[in-house]
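Novice: Got a structure for you, questions after.
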Amino acid sequence: MASRNPSIDILKLGLSFLIVALHIFPVSGLKGVSGILSYEIVNGITRIGVPTFFIISGYFLRNKINDKAYLMKYGKRILFLFIVWQLIYLPDLIRFYNLGRFSTFDLILKLVYGYWHLWYLMATVGGVLLLYCLRMKSVQQKIIVALFLFFLGYAFQLAYKTNLLNDFPALKLTYEVMGTSRNFIFMAYPFLVLGTLYEYWKNTVYKIRFLFVPFLLLLFLESYLYYTLKIGALDFLITILPLSSLLFSLAVENKMASVLQIPSTLSLGVYLCHPYAVRLVYEFLPQKTFGYVSLKYVLICLLAIAFWFIVERINRKFSYFL
1 MASRNPSIDI LKLGLSFLIV ALHIFPVSGL KGVSGILSYE IVNGITRIGV
51 PTFFIISGYF LRNKINDKAY LMKYGKRILF LFIVWQLIYL PDLIRFYNLG
101 RFSTFDLILK LVYGYWHLWY LMATVGGVLL LYCLRMKSVQ QKIIVALFLF
151 FLGYAFQLAY KTNLLNDFPA LKLTYEVMGT SRNFIFMAYP FLVLGTLYEY
201 WKNTVYKIRF LFVPFLLLLF LESYLYYTLK IGALDFLITI LPLSSLLFSL
251 AVENKMASVL QIPSTLSLGV YLCHPYAVRL VYEFLPQKTF GYVSLKYVLI
301 CLLAIAFWFI VERINRKFSY FL
């Protein structure tokens, strides 16, 4: 296992804050410049967050792929976290189901795959299982499979969002039963593999690190294209593949000593706790203008940190939560 890298800890915290933004800025409903900015946040920059998290997880598992006992222990730990936090969010799930926000079918999907943000935990378990099952494949084969699954997931989701699957009822039903193509097959496994294979691509990617800003601009252009086509929120964008790889490489290869010490559980705590912070802030500030949402974003981040602080103290005595 790799030793702790302060740059990765800082990156993880930044990614957690991106995911908070993803969950509060509206993808539609705002007009003009505010509407474009909000869409670019939700369907642009924040989409780097989860893929980069998966790369980080794969990176720390890269020397354990053949260790079945370790991977089983790791998977059980993540699965246990999933169950604990599903129970914690169960009152919120039931509340919004009773309010008619989603159907019984959607309720079942949320119970199976994870409520709101918790899909990430279940996807990680499935992705790690695939890592082990395909561990004997060559590096080239792993990369081909990862790219194939990523682009298949991208095409599958885009086809659903643009109603192209209406002419293919079986494919449409498959997508709806999965809930989304943002799952362990199409998203978790491809990016976990990238993390495990970092030693093979790190030099190539680091040499083109100067392309990070150009790729970021391409991300905004890609997102704007979907905005003009009036396509709703997308989990897959083509540009998140190079961007997340570049972002991770920049963090890992950063040789500068950091005086900022980030607690190891902070990023996970913010990720797990922030939905209740969202609920609380929206109870007092229901306004949805861009300015108000920006203010609420800051408040929610601060409140999520406060919730983490409480949960982290509890976790010291009962290590079930982080």
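Residue numbers (full-length UniProt numbering): 1 to 322.
From the three backbone atoms N, C-alpha and C, an ideal C-beta is built for every residue, glycine too.
Owing to the predicted nature of the structure, the values given are computational and were not obtained by experimental measurement.
Which whole-angstrom value is the C-beta distance of Leu131 and Tyr189, which I expect to be below 8 Å?
Specialist: 7 Å between Cβ atoms; contact.
Novice: Assuming Tyr154 and Leu118 make a contact with CB atoms under 8 Å, what is their CB distance in whole Å?
Specialist: In fact, because the Cβ distance is near 23 Å, the residues do not count as touching under 8 Å.
Novice: Could you check what DSSP says for Ile65 in three-state terms: helix, strand or coil?
Specialist: Note: Ile65 maps to coil in three-state DSSP.
Novice: Compare the C-alpha of Ile208 against each of Pro169, Glu176, Phe184, Phe248 and name the closest.
Specialist: Cα-wise, what sits closest to Ile208 is Phe248.
Novice: With a 10 Å radius around its C-beta and 16 neighbouring C-beta atoms as the bar for buried, classify Val112 as buried or exposed.
Specialist: That one is exposed.
Novice: Could you check how far apart the C-beta atoms of Ala21 and Tyr297 are, in whole angstroms? I think they sit under 8 Å.
Specialist: Right, their Cβ atoms sit about 6 Å apart.
Novice: Which stretch, first to last residue, makes up the alpha helix (DSSP H) that contains residue 399?
Specialist: Nothing about residue 399 can be read from this structure; the chain reaches only from 1 to 322.
Novice: Roughly how far, in whole angstroms, is the beta-carbon of Ile8 from the beta-carbon of Ser245, given that I think they are within contact range, below 8 Å?
Specialist: With a Cβ gap of about 14 Å, Ile8 and Ser245 do not count as contacting.
Novice: By the DSSP assignment, the alpha helix (DSSP H) with His274 in it spans what residues?
Specialist: Unbroken alpha helix (DSSP H) run through His274: 266 to 284.
Novice: With DSSP run on the structure shown, which of helix, strand or coil describes Ser28?
Specialist: It is coil, neither helix nor strand.
Novice: Go ahead and pull the three-state DSSP assignment for Gly114.
Specialist: Note: Gly114 maps to coil in three-state DSSP.
Novice: How about Thr265 and Leu30: do their beta carbons lie closer than 9 Å?
Specialist: No, they are not a contact pair.
Novice: Can you give the Cα-Cα distance for Phe318 and Gln140, rounded to whole angstroms?
Specialist: The straight-line gap from Cα to Cα measures roughly 43 Å.
Novice: Assuming Ile231 and Lys161 form a contact by the criterion Cβ under 8 Å, report the distance between their Cβ atoms to the nearest whole angstrom.
Specialist: Rounded, the Cβ-Cβ distance is 5 Å, consistent with contact.
Novice: Report yes if the CB atom of Pro51 is closer than 9 Å to the CB atom of Met187, and no otherwise.
Specialist: Their beta carbons are under 9 Å apart, which means Pro51 touches Met187 by this criterion.
Novice: Taking contact to mean 3 or more Cβ pairs, one atom from each stretch, closer than 8 Å, check whether the region 209 to 217 and the region 163 to 173 are in contact.
Specialist: No, the region 209 to 217 is not in contact with the region 163 to 173.
Novice: Using CA atoms only, rank isn't needed, just tell me which of Tyr97, Asn66, Ala123, Arg313 is closest to Arg182.
Specialist: The option with the nearest alpha carbon to Arg182 is Ala123.
Novice: I'd like to know whether the C-beta atoms of residue 324 and Asn43 end up nearer to each other than 9 Å.
Specialist: It is not possible to answer for residue 324, since the shown part of the chain is limited to 1 through 322.
Novice: Under DSSP, the alpha helix (DSSP H) around Gly153 begins and ends at which residues?
Specialist: Residues 139 to 161.
Novice: Is the CB-CB distance between Val33 and Phe321 below 9 Å?
Specialist: Going by C-beta atoms, Val33 is not nearer than 9 Å to Phe321.
Novice: Just to confirm, is the Cβ distance from Leu285 to Leu295 under 9 Å?
Specialist: Taking 9 Å as the Cβ cut-off, Leu285 and Leu295 qualify as a contacting pair.
Novice: Taking Ile48 as the reference, give the member of Leu243, Gly35, Gln86, Val145 with the closest Cα.
Specialist: Ranking the options by Cα distance to Ile48, first place goes to Leu243.
Novice: What did DSSP end up calling Thr52 once you bin it into helix, strand or coil?
Specialist: Reduced to three states, the DSSP call for Thr52 is helix.
Novice: Please report the Cβ distance between Val311 and Leu299, rounded to the nearest whole angstrom; I am assuming they are in contact, meaning their Cβ atoms lie under 8 Å.
Specialist: Contact flag wrong, Cβ pair sits at about 18 Å.
Novice: Kindly indicate which three-state DSSP category Pro263 falls into: helix, strand or coil?
Specialist: If DSSP states are grouped into helix, strand and coil, Pro263 belongs with coil.
Novice: Can you have a look at Gly156 and say buried or exposed, based on whether 16 or more other CB atoms are within 10 angstroms of its CB?
Specialist: The identity of residue 156 in the sequence shown is Phe, whereas the question assumes Gly. So Phe156 counts as buried.
Novice: If you run the structure through DSSP and keep just helix, strand and coil, what is Asn183?
Specialist: In the structure shown, Asn183 sits in coil (DSSP, three-state: anything other than H, G, I, E or B).
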